[in-house]
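A.B. asks:
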Amino acid sequence: MVTIKDIAERAGVSFSTVSKALRDSPLVQHKTKQHILSIAKEMDYQPNIAARNLVSKKSGAIGIVWPSIERVALSSLITKLSEELEKQGYITILLINNIESSIETLRRYQVDAILIFGDRDSNTSYSNLNQMKIPILTYGDAGYTPYSTVDVKRGQAIRLAVRHLVGLGHRDIAYVGEPQSHDPLQTVKIEAFRDETLRQGLHMEGDPIIQMQGLEFHDGYIAGRTLLERSTRPTAVISGGIDLTRGILRAVSEHDLTIPYDMSVVSYDNLPQMEDLEIPMTMVGVAISTMTTAIVETILELIKDPSSIRTIHLEPELVVRASTTYKNSLS
1 MVTIKDIAER AGVSFSTVSK ALRDSPLVQH KTKQHILSIA KEMDYQPNIA ARNLVSKKSG
61 AIGIVWPSIE RVALSSLITK LSEELEKQGY ITILLINNIE SSIETLRRYQ VDAILIFGDR
121 DSNTSYSNLN QMKIPILTYG DAGYTPYSTV DVKRGQAIRL AVRHLVGLGH RDIAYVGEPQ
181 SHDPLQTVKI EAFRDETLRQ GLHMEGDPII QMQGLEFHDG YIAGRTLLER STRPTAVISG
241 GIDLTRGILR AVSEHDLTIP YDMSVVSYDN LPQMEDLEIP MTMVGVAIST MTTAIVETIL
301 ELIKDPSSIR TIHLEPELVV RASTTYKNSL S
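1 is the number of the first residue of the sequence shown in UniProt numbering; add one for each residue after it.
1. Grab the span of the alpha helix (DSSP H) containing Asp-6 for me, first residue to last.
2. Between Thr-293, Arg-23, Ile-4, which has its C-alpha nearest Met-43's C-alpha?
3. Considering just the uninterrupted stretch of the beta strand (DSSP E) at Leu-137, what are its terminal residues?
4. In the DSSP assignment, find the beta strand (DSSP E) that holds Ala-322 and state where it starts and stops.
5. To the nearest angstrom, how far is the alpha carbon of Gln-29 from that of Thr-17?
6. Taking the alpha carbon of Tyr-268 as the reference point, which residue from Val-320, Lys-80, Leu-257 has its own alpha carbon closest?
7. Would you mind working out which of Val-111, Tyr-45, Ala-40, Leu-165 sits nearest Ser-302, comparing C-alpha positions?
8. Give me the Cα-Cα distance between Tyr-261 and Arg-154, rounded to the nearest whole angstrom.
9. Determine whether the beta carbon atoms of His-35 and Ala-11 lie at a separation below 8 angstroms.
10. Roughly how many whole angstroms lie between the Cα atoms of Leu-249 and Gly-60?
11. Mind reading off the beta-carbon distance from Leu-137 to Thr-298? Whole number of angstroms is fine, and I expect it under 8 angstroms.
12. For Leu-198, does the count of other Cβ atoms within 10 angstroms reach 16, so buried, or fall short, so exposed?
13. Just list the alpha helix (DSSP H) runs in the stretch 62-96, keeping only unbroken ones of 4 residues or longer that don't cross its boundaries, in chain order.
14. Identify the continuous alpha helix (DSSP H) that holds Thr-187 and give its terminal residues.
15. Under a three-way DSSP split, which group does Leu-160 fall into?
16. Residues in the same chain with beta-carbon distance under 8 angstroms from Pro-135, minus the five sequence neighbours each way, listed in chain order, please.
17. Does DSSP put Ser-231 in a helix, a strand or coil?
This is the structure we're talking about:
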């Protein structure tokens, strides 16, 4: 294993000079620094992270706890977070497991901070973490944990979707996104949908909210077929997420109908993939870039000041694309 001492001997400089050059110190002349870096690369030098951590008392790692691999919509956010944290000099350790066991694993790795993609039904998982000295940031749990949180105003996003469709003349609007199992994050959206449709004076035949087994592609497909086979189908649909939206699109296509001329669709989830669907999707939510910036900045602040508590609510936006149109444009 190549050491700093080996590089120093090859370069004909001191141990201290090599150490400074590898840390990009301005105290080393540019020409000398480049010479040292070239030799280090040639010798395939790999820094001893464990030794560095002992000196700095920092691991250079951020732990991310993702309780369920089924949350496909978050994969774009995880990827972006890893990229941005790497730019800040951190690696990420991703654990897909229950919160308590994940925390114990990350504690052994002595990570500098932990990001938890929370589940409001798992608050008991936080009960044993009060003595943790590692900064903890949760996503999606504002008001439900004693830790700093970055959250999204999901209800406001659904209200934006309803108002957009009402503005286009739609009065019969359905919502796809109620799983059979209790999911507080989805409940927020459903309650906002019911409240906003009442505020807008909408009175629809039958229950406008379609209950499904889950929130995956197949669930959206079945829900879409259910809506389209009603004697009076809605003129517009709000989908609770991108996977559901993909399923709805498949159902519409199989019925030889077109979006938006036979049915307008707005999807929750402000993701780049929305523009690459069969039809560019009108969407509501917080952009991945905005979420990433808020999370990374908060993590860095917590590392500097672990005792601080921050709660950030991100405002959603409506992005209008080709999947919605005026009601009188429908066939």
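For every residue, glycine included, the Cβ atom is placed at its ideal position computed from N, Cα and C.
C.D. replies: By the coordinates alone:
1. 4-11
2. Ile-4
3. 136-139
4. From DSSP, Ala-322 is part of no beta strand (DSSP E); its letter is neither H nor E.
5. 10 angstroms
6. Val-320
7. Note on residue identity: the sequence assigns Leu, not Ser, to residue 302. The shortest Cα separation from Leu-302 among Val-111, Tyr-45, Ala-40, Leu-165 belongs to Val-111.
8. 27 angstroms
9. yes
10. 43 angstroms
11. 6 angstroms
12. exposed
13. 75-87
14. 184-199
15. helix
16. Asp-112, Ala-113, Ile-114, Ser-148, Ile-299, Leu-302, Ile-303, Pro-306
17. coil
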